[in-house]
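S.K.:
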Amino acid sequence: MSVAIPEAEWPHLFRPGSIDAPVLLMLHGTGGDEQQISGLAPALDPRAAVLAPRGRVQENGMNRWFRRRSEGVFDTDDVARRADDLATFLIWARSHYELSDRRLVAVGFSNGANIALATALLHPQVLARVIAFSGMHPLDRAAADAGSNAIDARVAKSELAASAVLLRNGTSDPMAPLRSVQRLVTVLEQRGAQVQQGLRPGGHGITETDIASAVEWLGTVA
Ligand code: MLT
152 MSVAIPEAEW PHLFRPGSID APVLLMLHGT GGDEQQISGL APALDPRAAV LAPRGRVQEN
212 GMNRWFRRRS EGVFDTDDVA RRADDLATFL IWARSHYELS DRRLVAVGFS NGANIALATA
272 LLHPQVLARV IAFSGMHPLD RAAADAGSNA IDARVAKSEL AASAVLLRNG TSDPMAPLRS
332 VQRLVTVLEQ RGAQVQQGLR PGGHGITETD IASAVEWLGT VA
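Here it is in structure tokens:
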């Protein structure tokens, strides 16, 4: 499938890396950008290519990946639509940057983790590897208390047998509550994904333990 996405429509950064290394899709959190999140990539794999788009939703001047009604309460219809858009961007980028069959691994923080997880849930053929730092269930209509039930049907049909996800969360993170993370683990596993979950003390963020665990996980799946 070939799609045209002019640079101006989707600002992003690309570094080619070594041909035999994976492509890290770096997805920033609320208020971040592609430059800031890309700084994390060398710690994960210094040889990796880096593809880092910028979230196209604005909230009080901050870049985000999808709309929310309030903190932790997502507009799930918008989450699904933006995940569809990101999947289209990834198909374009694979062709435009001649990535051929190089392994693509999303690395997202917070809101970036949530869009990575939504894209992996809805488009597993496009994105089958995710490292989610401080992420949660992005398409949880029970928590969103709204949204179309077509999303549930899409998730229920998703075939994730070839997908692998690393979830790293703090045990006392009010922005990514463990009950939401657990609902996500249930959905991912029900659909056949290989899930590795790592909990650490503390809240929202990325710790050295999270990085060490991600490096180890990348060595086994990427
Ligand atoms: C989200 O909106 O994705 C989460 O609440 C995390 C964040 O504040 O970005």
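Add 151 to the 1-based position in the sequence shown for the working numbering, that's all there is to it.
Where is the CB? At the ideal position from N, CA and C, for every residue including glycine.
Just to confirm before moving on: does the CB-CB distance between residue 180 and residue 260 stay below 9 Å?
M.R.: Taking 9 Å as the Cβ cut-off, residue 180 and residue 260 qualify as a contacting pair.
S.K.: According to DSSP, what are the bridge partners of residue 166?
M.R.: Partner(s): 201.
S.K.: Starting from residue 346 and walking both ways along the beta strand (DSSP E), at which residues does that stretch end?
M.R.: Looking at the DSSP string, the run of the beta strand (DSSP E) that includes residue 346 is 345 to 351.
S.K.: Give a yes or no on whether the minimum CB-CB distance between residue 336 and chain B is below 9 Å.
M.R.: Here chain B cannot be found, since the structure has a single protein chain.
S.K.: Report all residues from its chain with a CB closer than 7 Å to the CB of residue 152; omit the five preceding and five following residues, and keep chain order.
M.R.: Below a pLDDT of 50, predicted positions are generally treated as unreliable, and residue 152, at 47, falls in that range; the measurement from the model is reported next regardless. Hits under 7 Å: 242.
S.K.: Can you give the Cα-Cα distance for residue 355 and residue 324, rounded to whole angstroms?
M.R.: Their Cα atoms are separated by approximately 5 Å.
S.K.: Determine, using beta-carbon pairs with one atom in the stretch 254 to 271 and one in the stretch 174 to 189, whether at least three such pairs fall under 8 Å.
M.R.: Result yes; three or more Cβ-Cβ pairs closer than 8 Å.
S.K.: On the three-state DSSP scale, how would you describe residue 277?
M.R.: Three-state result, residue 277: coil.
S.K.: Going by DSSP, what residue range makes up the alpha helix (DSSP H) through residue 335?
M.R.: Segment 329 to 341, the alpha helix (DSSP H) holding residue 335.
S.K.: Excluding the 5 residues flanking residue 386 on each side, which residues of the same chain have their C-beta closer than 7 Å to its C-beta?
M.R.: Since the first and last residues shown for the chain are 152 and 373, residue 386 lies out of range.
S.K.: Short of 8 Å in beta carbon distance, which residues of its chain neighbour residue 252, apart from the five on each side in sequence? Order them along the chain.
M.R.: Excluding sequence neighbours, residue 252 sits near nothing in its chain.
S.K.: For the 8 Å Cβ check, are there 3 or more pairs between the stretch 191 to 200 and the stretch 216 to 232?
M.R.: Output reads no: the stretch 216 to 232 does not touch the stretch 191 to 200.
S.K.: Which residues mark the beginning and the end of the beta strand (DSSP E) in which residue 189 is found?
M.R.: Note, residue 189: premise wrong, no beta strand (DSSP E); alpha helix (DSSP H) at 185 to 189.
S.K.: Of the choices 187, 347, 272, whose alpha-carbon is the least far from that of residue 232?
M.R.: It is 272 whose Cα lies nearest to the Cα of residue 232.
S.K.: For residue 261, report the span of its alpha helix (DSSP H) as first-last.
M.R.: Segment: none, residue 261 is in no alpha helix (DSSP H) and carries neither H nor E.
S.K.: Would the C-beta of residue 353 count as close to the ligand MLT, meaning under 8 Å from any of its heavy atoms?
M.R.: Because no heavy atom of the ligand MLT lies under 8 Å away, the Cβ of residue 353 does not count as near it: no.
S.K.: Who are residue 219's beta bridge partners in DSSP?
M.R.: In DSSP, residue 219 forms a bridge with 225.
S.K.: What are the boundary residues of the alpha helix (DSSP H) that includes residue 367?
M.R.: Its alpha helix (DSSP H) spans residues 359 to 372.
S.K.: Could you give the C-beta distance for residue 353 and residue 312, rounded to a whole number, given that I count them as a contact under 8 Å?
M.R.: Actually they do not touch by this definition, with Cβ atoms about 33 Å apart.
S.K.: Once DSSP output is grouped into helix, strand and coil, what is the label at residue 300?
M.R.: Residue 300: coil per DSSP, three-state reduction.
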